[in-house]
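Undergrad: Have a look at the structure that comes next, please.
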Amino acid sequence: MELDEELEEPKRSGILQSTSKRVRMIFSVMASPNRIDILRILNSKGPLTYSELKSLAGFKSKKESGKFAYHLRKLLRQSLVALNKSERRYTITNLGKLVLSLARQIEERSIIESGKMYVRTSHESIEEFNSHKIIQSLVREGSLPLELAQKITEEVENRIYKYQTTYLTGSLIREMVNSVLLEHGHEEYRNKLARLGLPVYDVQEMLTNLDNVDNGAEGLLFNTGQKVFAEHLLTNVLPKDVADSHLSGDMHISNPGIWSMIPDTIFVNVKELIEDGVILGGKYLDVSRITSSKTLDDVTSSLSIIISLLSKEASQEIVLDGLIPLFTKHAKNIPELEQKLTDAFSTASTTSKYNRKSTDVSIRLQLGSDLKIVNAIINAYKNYTKITPIPKIGLIVDFDKGKITDVSDALSEIITIGGKVMFAKGEVSSYGITNGTTKNSGPLAITLQSVSINLPRLAFESNKDETYFRARLALLMKPALSSMALRKKDISDLTRRGLNPILAKNTQYMQRSSVSLIVNLVGLKESVFNILGFQDNKEGRDVLNKVIETAVDVAAKKGKELGDTVAISMIETEGSSRFANLDGEKYGKNSALNSMDGDSYSQGIVLKASEISDYTTKTEIITECTRLSKLLNGGLLVKLDIDQNATQADIKKSIEKAAELTSSFKPVKKVALCGECGFKDEPFVDKCPKCKSSYVI
């Protein structure tokens, strides 16, 4: 036993000496700031080529090439950096990350124990306090004159040394600077220098209340980003009067977190996109390009990809046109076409979510064209609806040049199982938004429609003076439209720089003729009938029309001034319930709220499907619907409210009658869905007939 131990001792000694030598070599690597910088760059940037790493590390001249190669070779020999030979890219190893972490800890501990004052910065480093950096930030970020920046910095520095703290944070210094700026009356500079973000309490609440978070950690991060960019919009981008109007409830801006980034609705000719192909410029790592497709497999795959990618570039809806001519050459095998389309819809149904609901994707079908292809698309959509608990894709049926009776039977079945169907003459979205740029020859057109006006609020503050009410509406619309023109410019700029790759590759959308600015009116009936005091008769309806005409006239004049197409709509918006809640808090639950549908103001027009068979072209509500459709050049949403117990035959009859009376309508029917197994093939109320679950959506 003793002999064994004696034999093992030299081995241990050799191992210790080898380990000691290895540690010394690693510490020698850490002794060079250049090598630590290389590790930091690889840790933050990920795999890099030789030239990329050399440039980022600051070795830009040819004379420094040898020096860079020497440092990189040292890191490779000690296994702190590895080379992927197939990709010719360098990466930091786990050992390299450990060494980098150790170097950071040693650096921080040494400077803290030196007794000086240090700052923990927002870019994850700790640096000695330097008042000149405050001056630089004030001049660079806040555009302060140098003399004023020096004066503010001197006062801040005095306060910092007064606190006698061992280290500061960047956010604390910024708070102190902003406090001094406010004390000296420089609010405009303070707004430029304000830090955007969330209080600690709000972050903790987001982590605690995960019931409101969809899509896991990605959804949590997205919600946080939305709040930051919304604060930036309302604080630094929008004019103060417009931001105040939104915050107070005079108007509503939907999706403020992405206001300056992406449009609301995109009308796209998918046939042209697929046949021309789209190069995405490396903006999506999983898809580099959509090439011109010929086979049915290629076409349906490209369709699925375009739906998924385009949904990232609009906040409310993508309207896809051109599917019928796209599949005309594949009409020889209809069963295969239906199956491939069903698969494409199912694959693309996971769309982007910028608000409480996902971006809608609607497929526009023009009746009067190839009926075989139309029926194939409808049948594929029906199959998709059956296997999808909550469909993300819908149909828009254009019956301007065709007979709705050709497809009403299949569409009524789709509606009974929870499918989304819109009927309209012309290019209309499922929200009722009209594409006002149909003359545009390119494959893309967009609308910006996320501003809504709170008409009841204006009526409340008009002392029942109808003329003053319309004047206030005109005054509010002008700055709102100027802000929307600014929004168009910001979106165009970000798109040109690659934020929205598909839009960027189809730059004809940037032309004035292909962008529409649309303002939405909310609560028109409450304003005129409940607050201004008019009766729901000819005189009252004339006032309704005058309000819309005022808005349309102001929009046309402002549009001419801005050089943009501007229109007025009455569609659904989440701003309706926000308006009602804010007004209820401000004015109390008064008579204006009596005619509300639930907790929101009126939006568009609602027709009862159970009564539609009794309607004629002379019925008042149909006459009003026709008149408003003509006045509202941005679109009118007409809902056809279908009873939950209506049969397929009832629905078929209702949509055929509605098509005779109106130019557009959207059937709405509540369909019970089992939250456990997704069953929805037959009506049920309390329990799922399949799995007996009581979790009914």
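Sequential numbering of the sequence shown, starting at 1, is according to UniProt numbering.
Quick reminder that beta carbons are idealized off the backbone N, C-alpha and C, glycines included.
These numbers come from a predicted model, not from an experiment.
#1: To the nearest angstrom, how far is the alpha carbon of glycine 418 from that of alanine 609?
#2: Please say whether threonine 300 and lysine 340 have beta carbons closer to each other than 7 Å?
#3: Could you tell me the boundaries of the alpha helix (DSSP H) in which histidine 232 lies?
#4: Could you name the residues that DSSP lists as bridge partners for leucine 83?
#5: Hey, out of Glu572, Ile655, Met484 and Val29, whose CA is closest to alanine 103's CA?
#6: Got a sec? Which residues, its chain only, sit under 7 Å from methionine 510 by beta carbon, not counting five neighbours each side?
#7: Measure the beta-carbon distance from isoleucine 642 to glycine 604 and round it to whole angstroms, keeping in mind my assumption that it falls under 8 Å.
#8: Terminal residues of the continuous alpha helix (DSSP H) containing proline 335?
#9: For arginine 24, name the three-state secondary structure that DSSP assigns.
#10: Of the residues Leu310, Gly216 and Asp400, which one's Cα is nearest the Cα of threonine 359?
#11: Can you tell me whether aspartate 599 is buried or exposed? The criterion is at least 16 other CB atoms within 10 Å of its CB, across all chains shown.
#12: Just mark phenylalanine 27 as buried or exposed, buried being the case when its beta carbon has 16 or more other beta carbons within 10 Å.
#13: Taking the straight line between their C-alpha atoms, what separation do you get for aspartate 211 and alanine 331?
#14: Thinking C-beta only, is leucine 481 closer than 7 Å to isoleucine 548?
#15: Check the DSSP bridge columns for cysteine 625 and list the partner residues they point to.
#16: Ordered along the chain, which non-local residues of its own chain (more than five positions away) have a Cβ less than 6 Å from that of leucine 628?
#17: Between the Cα of serine 664 and the Cα atoms of Val671, Ile655 and Ser65, which residue gives the shortest distance?
#18: Leaving out five residues on either side along the sequence, give the residues of the same chain with a beta carbon under 6 Å from the beta carbon of serine 308.
#19: Using the DSSP secondary-structure output, state which residues sit across from arginine 120 in a beta bridge.
#20: What did DSSP end up calling histidine 252 once you bin it into helix, strand or coil?
#21: When the distance is taken between beta carbons, is serine 576 closer than 7 Å to tyrosine 601?
#22: Going straight from the alpha carbon of glycine 249 to that of alanine 459, what length do you get?
#23: Suppose only complete runs of 4+ residues qualify. What are the alpha helix (DSSP H) ranges in the region 453 to 499, listed by chain order?
#24: At which residues does the beta strand (DSSP E) containing aspartate 614 begin and terminate?
#25: Are the region 446 to 463 and the region 520 to 539 touching by the rule of at least three beta carbon pairs closer than 8 Å?
#26: Rounded to whole angstroms, what's the CA-CA distance from serine 346 to arginine 364? Just pull it up for me.
#27: How many Å lie between proline 479 and valine 270 at the Cα?
#28: Between arginine 487 and leucine 448, how many whole angstroms is the CB-CB distance? I'm expecting something under 8 Å.
#29: Looking at the unbroken alpha helix (DSSP H) that takes in proline 325, where does it start and where does it end?
#30: Report the rounded CA-to-CA distance for leucine 640 versus glutamate 413, giving the unit in angstroms.
#31: Can you give me the C-alpha to C-alpha distance between leucine 146 and leucine 193, rounded to a whole angstrom?
#32: How long is the line joining the alpha carbons of leucine 285 and valine 638, rounded to whole angstroms?
#33: Taking the straight line between their C-alpha atoms, what separation do you get for alanine 672 and serine 694?
#34: Express the C-alpha separation of aspartate 37 and glycine 83 in angstroms, rounding to a whole number.
#35: What residues in its chain sit with their C-beta under 7 Å from that of alanine 243, if we drop five residues either side in the sequence?
#36: Taking the C-alpha atoms as reference points, what is the distance between cysteine 691 and threonine 388?
TA: Quick look at the numbers:
#1: 16 Å
#2: yes
#3: 216 to 232
#4: Tyr90
#5: Val29
#6: Confidence at methionine 510 is low in this model, with a pLDDT of 47, below 50, so its placement is unreliable and no value can be given for it.
#7: Actually they do not touch by this definition, with Cβ atoms about 16 Å apart.
#8: 334 to 347
#9: helix
#10: Leu310
#11: exposed
#12: exposed
#13: 46 Å
#14: no
#15: Bridge partners of cysteine 625: none, in fact.
#16: Leu636
#17: Ile655
#18: Ala348
#19: Ile126 and Thr169
#20: strand
#21: yes
#22: 13 Å
#23: 455 to 460 and 466 to 496
#24: From DSSP, aspartate 614 is part of no beta strand (DSSP E); its letter is neither H nor E.
#25: yes
#26: 17 Å
#27: 35 Å
#28: 6 Å
#29: 323 to 326
#30: 16 Å
#31: 15 Å
#32: Its pLDDT being 49, under 50, leucine 285 is placed unreliably by the model, and the measurement read from it follows with that caveat. C-alpha separation (whole angstroms): 41 Å.
#33: 11 Å
#34: First, the amino acid is wrong: residue 83 is leucine here, not glycine. Cα to Cα, leucine 83 sits roughly 17 Å from aspartate 37.
#35: Leu234
#36: 17 Å
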